[in-house]
Amino acid sequence: MNGSEKPLLEIKDLTAGYGPVTVLWGVSLALREGEITALIGSNGVGKSTLMRTLSGLIAARSGQIQWRGQSIENADPADILALGIAHVPEGRRLFGAMSVEDNLRMGAYLRRVSRAEIQRGIDRVYAMFPKLAQRRNQAAGTMSGGEQQMCAIGRGLMSAPRLLMIDELSLGLSPLLVEQLVDALIVLNREGLSILVVEQDVVTALELSSTACVMDRGRITRQGASSELINDPGVRQAYLGALTH
Ligand SMILES: Nc1ncnc2c1ncn2[C@@H]1O[C@H](COP(=O)(O)OP(=O)(O)O)[C@@H](O)[C@H]1O
Ligand SMILES: [Mg+2]
């Protein structure tokens with residue numbers, strides 16, 4: 039990061055957890071505007087907890103979260119969403135009995151814009167994911183996993199975010215669908231959207247992202263250019279074991 043460029047999101051010494059259990063033990067991380075950042079790490083290290091803390095679903099116990107220079111570590115989820123941070127949670131969490139289109143509409147519930155503007159947002163999501171347009175009146179819970187992930191990402195986009203956080207992008211999806219989602223994220227990123235993505239498939243994660251950070255037991259232990267991390271012996275051994283030669 040060059041000296042004059044302020045991070046989009048800056049996290050310092052963040053601790054958080056559930057009841058008596060501490061999960062985040064001092065997370066420090068800076069995200070640059072316009073980048074796709076991958077968050078990788080084994081199961082249970084705290085990736086989802088970090089995203090939940092960033093989106094205000096879990097209270098920070100200590101530390102700072104600065105969003106474009108503003109402290110948000112104690113802000114409400116609705117305020118954080120309105121500031122431009124959207125969260126596509128693990129397991130999508132759609133309203134299963136509601137139609138695709140109503141789920142998309144829910145993503146815009148905080149926006150004070152005209153119906154026409156919201157309809158334009160919905161149409162943009164349909165242009166990106168034509169499958170959703172075909173299924174606009176179908177109950178979201180009856181769609182395939184991949185279609186649900188498209189709908190969840192579309193719902194996130196409906197809040198007109200600056201940063202889209204996606205937890206477990208590809209979990210349970212076919213390679214073809216993952217490719218479609220990756221292509222869509224690359225297009226969105228080219229249009230200016232910053233993205234933080236948790237992705238179990240480290241090869242996909244490092245190919246999609248420009249920067250990557252590795253999380254281990256509640257801390258960020260590595261951060262660097264994805265193109266460098268993919269060749270890092272430690273990363274390869276820990277996460278790409280089968281590919282090491
Ligand atoms: N709702 C919860 N209540 C209590 N503990 C939780 C809860 N969610 C996650 N944890 C615990 O927090 C730790 C980190 O979980 P999580 O953030 O989901 O990790 P990851 O997303 O990296 O797999 C785990 O030990 C998990 O058991
Ligand atoms: Mg998780």
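Counting from 1 along the sequence shown, just add 38 to a position and that's the residue number in the working numbering.
Beta carbons are placed, not taken as given, at the ideal position from N, Cα and C, and that holds for glycine.
In this text the structure is predicted, and so the values were computed from the model without any measurement.
Practice prompt. Thinking residue 75 and residue 208 are a contact (beta carbons under 8 Å), I'd like their distance in whole angstroms, please.
Written response: Not quite, the Cβ-Cβ distance comes to about 16 Å (not below 8 Å), so this is no contact.
Discussion item. With a threshold of 6 Å on Cβ separation, who are the neighbours of residue 133 within its own chain once the five nearest residues in sequence on each side are excluded?
Written reply: 141
Item to complete: Can you grab the Cα-Cα spacing for the pair residue 257 / residue 159, in whole Å?
Response: 37 Å
Worksheet item: If you compare alpha carbons, which of 103, 92, 53, 137 is closest to residue 189?
Response: 137
Discussion item. Beta-carbon distances below 7 Å to any heavy atom of ligand 2 define the shell here; list its residues in chain order, please.
Written reply: 85, 86, 128, 205, 206, 236
Worksheet entry | Which residues DSSP lists as bridging residue 260, in chain order | 252
Fill in: Pairwise C-alpha distance: residue 174 and residue 69
34 Å
Fill in: As assigned by DSSP and simplified to three states, the class of residue 122
coil
Worksheet entry | Neighbourhood of residue 64 by C-beta, 8 Å cutoff - its chain only, sequence neighbours within 5 removed | 51, 52, 53, 101, 256, 257
Discussion item. If the criterion is Cβ atoms closer than 8 Å, does the pair residue 85 and residue 203 meet it?
Written reply: no
Item to complete: Consider the C-beta atom of residue 61 and the heavy atoms of ligand 1; say whether any pair is separated by less than 7 Å.
Response: yes
Worksheet item: Got a sec: does ligand 1 put a non-hydrogen atom nearer than 7 Å to the Cβ of residue 277?
Response: no
Fill in: Within 8 Å, strictly: CB atoms of residue 92 and residue 236
no
Practice prompt. Could you check which residue in 107, 192, 62 has the C-alpha nearest to that of residue 37?
Written response: The shown model of the chain, from 39 to 283, leaves out residue 37, and the question about it has no answer.
Worksheet item: What number of angstroms, rounded off, separates the C-alpha of residue 219 from the C-alpha of residue 99?
Response: 34 Å
Item to complete: Could you name each continuous beta strand (DSSP E) segment of 3 residues or more that falls completely within the region 44 to 68, going from the start of the chain to the end?
Response: 47 to 56
Worksheet item: Going along the chain, which residues of its own chain have a beta-carbon closer than 7 Å to the beta-carbon of residue 72, five neighbours each way excluded?
Response: 230, 232
Worksheet item: Sorted by chain position, which residues of the same chain lie with C-beta nearer than 6 Å to residue 185's C-beta, five sequence neighbours on each side aside?
Response: 169
Item to complete: Check whether the Cβ atoms of residue 183 and residue 211 sit closer than 8 Å, and answer yes or no.
Response: yes
Worksheet entry | Unbroken stretches of the beta strand (DSSP E), 3 residues or longer, contained in the region 155 to 205 | 201 to 205
Fill in: Bridge partner(s) assigned by DSSP for residue 75
234, 249
Discussion item. Assuming contact is defined by CB atoms lying nearer than 8 Å, are residue 187 and residue 130 in contact in what I supplied?
Written reply: yes
Item to complete: Identify the continuous beta strand (DSSP E) that holds residue 100 and give its terminal residues.
Response: 100 to 105
Discussion item. Considering only the alpha carbon of each residue, which of 269, 243, 119 lies closest to residue 144?
Written reply: 119
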